[in-house]
Structure formats: C-alpha cells, structure tokens
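Numbering (my numbering), first residue to last: 5 to 124.
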Amino acid sequence: QYIAEQVFAAPSYLEQILINLIENGIKYCPPKSEIRVQWSETPGGVRLSVKDNGPGIESYHQGRLFERFYRVRDESTLEARGTGLGLSIVRNAMAKMGGYVDVKSVPGLGTEFICEFPNH
C-alpha cells in the first residue's frame with residue numbers, strides 16, 4: 005500500500021477534469037450504463053480512474069482523442085452533442101499539474117480514462 009504524502013491538484017483544474025470525464029461517460033453511454041469513479045494511491049502519486057461500460061472507442065480513434073476539436077463520428081456518437089474540447093481540456097489541465105491522462109478502451113466493453121497525479 006502506498007501513502008501519498010501530498011498530491012498537487014489545483015481545485016479549478018480538478019473540477020474541470022471530473023466534469024469532463026463524467027459528462028463524457030454520461031453523453032456517450034446508453035441509458036442505465038455504469039460510470040465508476042475511483043481514486044487509488046500509486047508509488048508516484050494518486051490515480052483517478054473514470055470507467056464506463058459503454059460502447060468503447062476503436063483503437064484508431066484513441067490516439068487522437070485528446071486533440072482539440074477531435075470527435076469520434078460513428079453510429080454510437082450520432083446523437084451526442086459536443087465541441088470536441090473536453091478531453092483536450094483534461095489533457096492540458098493534467099499537464100499543468102505535472103501529470104498525464106491516458107485512455108484504455110475496447111469496443112463493446114467500455115472505456116477507462118486514467119489520470120496520474122504526481123506527488124510534489
């Protein structure tokens with residue numbers, strides 16, 4: 005078990021990160037889907053995981069998800085509204101705090117966004 009002595013997370017950035025990741029789960033998942041938010045300690049800091057059991061994201065989209073204005077356009081996203089800025093905001097907020105964000109997704113099994121916050 006790892007104990008994080010101190011984790012640097014600016015409240016306004018943390019709020020943006022949580023809102024964007026949770027709203028994406030709500031927006032892109034079918035009704036009654038599960039969105040799980042979990043915090044855990046790591047050797048280098050704290051990890052935030054936001055995981056859903058929605059449609060998932062094809063691997064060829066995953067590398068571009070954090071680009072400004074990039075949106076996945078397929079059958080599962082036709083009705084979802086957005087600007088394509090949310091995940092770019094998450095990436096920039098994490099970078100400003102010295103951390104990073106990553107995505108793991110399997111089509112048909114859901115998506116997990118992982119934010120790594122360093123100890124400072």
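Ideal Cβ placement from N, Cα and C applies to all residues, glycine included.
Check: How would you write the range of the beta strand (DSSP E) that glycine 49 sits in, first residue to last?
Finding: 49-56
Checklist line | Between the CA atoms of valine 41 and asparagine 57 - distance to the nearest angstrom | finding: 12 Å
Notebook entry, point to check: Comparing alpha-carbon positions, which option in Asn123, Cys119, His124 lies nearest tyrosine 17?
Noted result: Cys119
Check: Where do the ends of the beta strand (DSSP E) carrying lysine 36 lie?
Finding: Where lysine 36 is concerned, there is no enclosing beta strand (DSSP E), given that its DSSP letter is neither H nor E.
Checklist line | Extent of the continuous alpha helix (DSSP H) run through valine 94 | finding: 90-100
Check: Looking at C-alpha atoms only, which residue of Ile30, Ser44, Asn123, Ile23 is the closest neighbour of glycine 60?
Finding: Ile30
Notebook entry, point to check: Alpha carbon to alpha carbon, how far is serine 63 from tyrosine 74?
Noted result: 14 Å
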